[in-house]
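*Asks:*
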Amino acid sequence: MGNIIPMKDSFMELITTLTYYSSIFQAMTTPDYRRSVYDTISFSHKLIGLKGAKGVGKTTLLQQYLQSLTIDISEKIYISMDNPLIGATRLLSIAEEFQKRGIKVLVVDEIHYQRDFEKDLKTIYDFFDIQVVFSGSSAIALSQADLSRRALVYTIPILSFREYLELKLDIKLEPITFDNLLDNHPQQAFEVISKLKPLKYFESYLDFGAYPFFLEGSEQDYIMKLTTAVNKTIESDLLQLFSIDPKNIALLKKLLVIMCENPPGGINITSLAREMELNVKTLYHYITALEKGKLIKLLYYNKKGNALFQKPDKVLLDNPSLFKILCLTSNIGSRRESFFVSMLDDHSIRYSKKGDYIVDQYHFEVGGRNKSFSQIKNIADSYLALDDIEVGEGNKIPLWLFGFLH
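Residue numbering for the sequence shown follows our numbering, beginning at 1 and increasing consecutively.
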């Protein structure tokens, strides 16, 4: 019996320490700016998840939610599962103790650091009268069907060009709908131009604007923080969630560099596997991991359900900021297409054999200002998304304006 009491004392000390850290977290100053995605989250739901790439601002959203609550600070708690003090202590045990203390809202950051967290969440949901809001890596999947029915899970995207401008210039800019973009893009562009010169800021956004931490320092600071975020995604999240051999970390990073340097297109899986001294099955596994980690995007002409080993028709880096840290000389076409696709994340987007992409039912070709319709001529509902133009005409739309879709 002598060993049980110290363990209990240790657990209670952990709870006291977590409560102290939570009070510090909740007292911190949060940004006044609320991202558009905040207003889409149904915070009245009992179990809510936020997932997304490292650095997109999930923790800030959690902090803003906690500070919006009018309940007493003793009734809401924040914990981060990457806290080394938590160690092997189960989330369920922590939640049970906090419920005894009258907690109404439990906010859990970095939940993927605990294995089998779904089981704990399911039990908390079913038996405890507390709301749980959790965040985790973009690569997490709620594998248990019964939990996925209980939880509302939102993907937090990178900053749009519109959000970047709002933060950088401290102004209010309205988002536009996809239909309005197609039907009325000249008027939409003129409304923006009446307030600012979009092309003046577009290059800066592409290089240094996809993540909210651009506000926290210099461009060099941004590069260092993004490099750290990418390294942590690979070396921690993906290794754990996809059971990747640690000795192959360098291969994952090499894959990213290859995709950064090459023009947009497919990849020769067999040749690449041979070059990297991997079998094809392992290479597919690594490519899937990089996609789930929001580091690359895989595009298909005809995706076959949940097929594990379908060759992608086009591979891009997930967003244009990644080009700044992954290759010395980025391919301008790849960077443009990366931006275009990243701004259309909530649409059906497929590789197109004629042109570049099919978005919903519309065909798009992405390029510089002199790009012609030659590749998509005689195709109904076809458009050009053109860089280096402020205002378009007809079916020629400025590329930057796609950054106002969210």
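Beta carbons are placed, not taken as given, at the ideal position from N, Cα and C, and that holds for glycine.
Closest to L173 by CA distance: which of E191, S382, N184 is it?
*Replies:* Along the sequence shown, read from residue 1 onward, the residue named residue 173 stands at position 173. Among E191, S382, N184, the Cα nearest to that of L173 belongs to E191.
*Asks:* Report the rounded CA-to-CA distance for L255 versus F339, giving the unit in angstroms.
*Replies:* Sequence index remark: in the sequence shown, residue 255 carries index 255 (1-based). Sequence index remark: in the sequence shown, residue 339 carries index 339 (1-based). Computed Cα separation, rounded: 20 Å.
*Asks:* Pull up the distance between the alpha-carbon of D313 and that of F134, whole angstroms please.
*Replies:* Locating residue 313 in the sequence shown gives position 313, where the first residue counts as 1. Locating residue 134 in the sequence shown gives position 134, where the first residue counts as 1. If you take the alpha carbons of D313 and F134, they lie about 34 Å apart.
*Asks:* Quickly, what does DSSP pair R350 with across the bridge? List them, please.
*Replies:* Position 350 of the sequence shown holds residue 350. Beta-bridge pairing links R350 to I358.
*Asks:* Does DSSP put T177 in a helix, a strand or coil?
*Replies:* Locating residue 177 in the sequence shown gives position 177, counting from the first residue. Of the three classes helix, strand and coil, the one that applies to T177 here is coil, per DSSP.
*Asks:* Taking the straight line between their C-alpha atoms, what separation do you get for K294 and I193?
*Replies:* Counted from its first residue, the sequence shown places residue 294 at position 294. Counted from its first residue, the sequence shown places residue 193 at position 193. Their Cα atoms are separated by approximately 32 Å.
*Asks:* Closer than 7 Å by C-beta to L353: which residues in its own chain qualify, once you throw out the five before and the five after it? Chain order, please.
*Replies:* Stepping through the sequence shown from its first residue, residue 353 is reached at position 353. Checking the displayed sequence, the identity of residue 353 turns out to be Lys instead of Leu. These residues qualify, in order along the chain: Y301.
*Asks:* First and last residue of the beta strand (DSSP E) that includes G136?
*Replies:* By 1-based counting over the sequence shown, the position of residue 136 is 136. Note, G136: beta strand (DSSP E), 131-137.
*Asks:* Please state the DSSP three-state secondary structure of I171.
*Replies:* Here residue 171 refers to the residue found at position 171 when the sequence shown is read from its first residue. Note: I171 maps to coil in three-state DSSP.
*Asks:* Considering Cα atoms alone, identify which of L181, Y164, E275, V37 is closest to S437.
*Replies:* Shown here, the chain extends from 1 to 406; a query on residue 437 therefore has no answer.
*Asks:* Am I right that I77 and S22 are in contact with their C-beta atoms under 8 Å? What's the rounded C-beta distance?
*Replies:* Taking the first residue of the sequence shown as 1, we reach residue 77 at position 77. Taking the first residue of the sequence shown as 1, we reach residue 22 at position 22. Correct: roughly 5 Å between the Cβ atoms.
*Asks:* Buried or exposed: which applies to T60, given that a residue is buried once 16 or more other Cβ atoms fall within 10 Å of its Cβ?
*Replies:* Working through the sequence shown from its first residue, we reach residue 60 at position 60. Its Cβ being crowded by 16 or more others within 10 Å, T60 is buried.
*Asks:* When burial is assigned at 16 or more other CB atoms within 10 Å of the CB, is N319 buried or exposed?
*Replies:* For the purposes of this step, residue 319 is taken as residue 319 along the sequence shown, with counting starting at 1. So N319 ends up on the buried side.
*Asks:* Take the Cβ of A141 as the centre, count every other Cβ of all protein chains shown within 10 Å, and call the residue buried at 16 or more, exposed below.
*Replies:* For the purposes of this step, residue 141 is taken as the residue at position 141 of the sequence shown. The residue is exposed, with fewer than 16 neighbouring Cβ atoms inside 10 Å.
*Asks:* For a test of the three-state rule: what should DSSP assign to P398, helix, strand or coil?
*Replies:* The residue you call residue 398 lines up with position 398 of the sequence shown. DSSP places P398 in strand when its eight states are reduced to three.
*Asks:* Run the CB neighbour count on H112, radius 10 Å, all protein chains shown included, and call it buried at 16 or more, exposed below.
*Replies:* As a working mapping, residue 112 is identified with position 112 in the sequence shown. Counting Cβ neighbours within 10 Å, H112 comes out buried, since at least 16 surround it.
*Asks:* Does the beta-carbon distance from R335 to V366 come in below 7 Å?
*Replies:* As a position in the sequence shown, residue 335 is number 335, starting the count at 1. As a position in the sequence shown, residue 366 is number 366, starting the count at 1. In this structure, V366 does not lie closer than 7 Å to R335 by Cβ.
*Asks:* On a CA-only basis, which of P31, F25, A151, Q99 is nearest K46? Give me that one, please.
*Replies:* Here residue 46 refers to the residue found at position 46 of the sequence shown. If we check each option's Cα against that of K46, A151 comes out closest.
*Asks:* Restricting to runs no shorter than 4 residues, where is the alpha helix (DSSP H) found entirely within the stretch 200-243?
*Replies:* Whole alpha helix (DSSP H) segments, 4+ residues: 219-232.
*Asks:* Tell me whether D9 is buried or exposed, calling it buried when 16 or more other Cβ atoms sit within 10 Å of its Cβ.
*Replies:* Here residue 9 is taken as the residue at index 9 of the sequence shown, counted from 1. That one is exposed.
*Asks:* Since L159 and F117 should fall inside the 8 Å C-beta cutoff, what is the C-beta to C-beta distance between them, to a whole number of angstroms?
*Replies:* Indexing the sequence shown from 1 puts residue 159 at position 159. Indexing the sequence shown from 1 puts residue 117 at position 117. Wrong, their Cβ atoms sit about 28 Å apart, outside the cutoff.
*Asks:* Would DSSP call L278 helix, strand or coil?
*Replies:* For this step, residue 278 is matched to residue 278 along the sequence shown. Here L278 sits in coil by DSSP.
*Asks:* How long is the line joining the alpha carbons of K333 and L399, rounded to whole angstroms?
*Replies:* Reading the sequence shown from its first residue, position 333 is the one you call residue 333. Reading the sequence shown from its first residue, position 399 is the one you call residue 399. Before going on, a small fix: residue 333 reads as Gly here, not Lys. Answer to the nearest angstrom: the Cα atoms are 12 Å apart.
*Asks:* Kindly provide the ranges of any beta strand (DSSP E) runs that are 3 or more residues long and lie completely inside the stretch 42-67, ordered along the chain.
*Replies:* Here the runs fully enclosed are 47-52.
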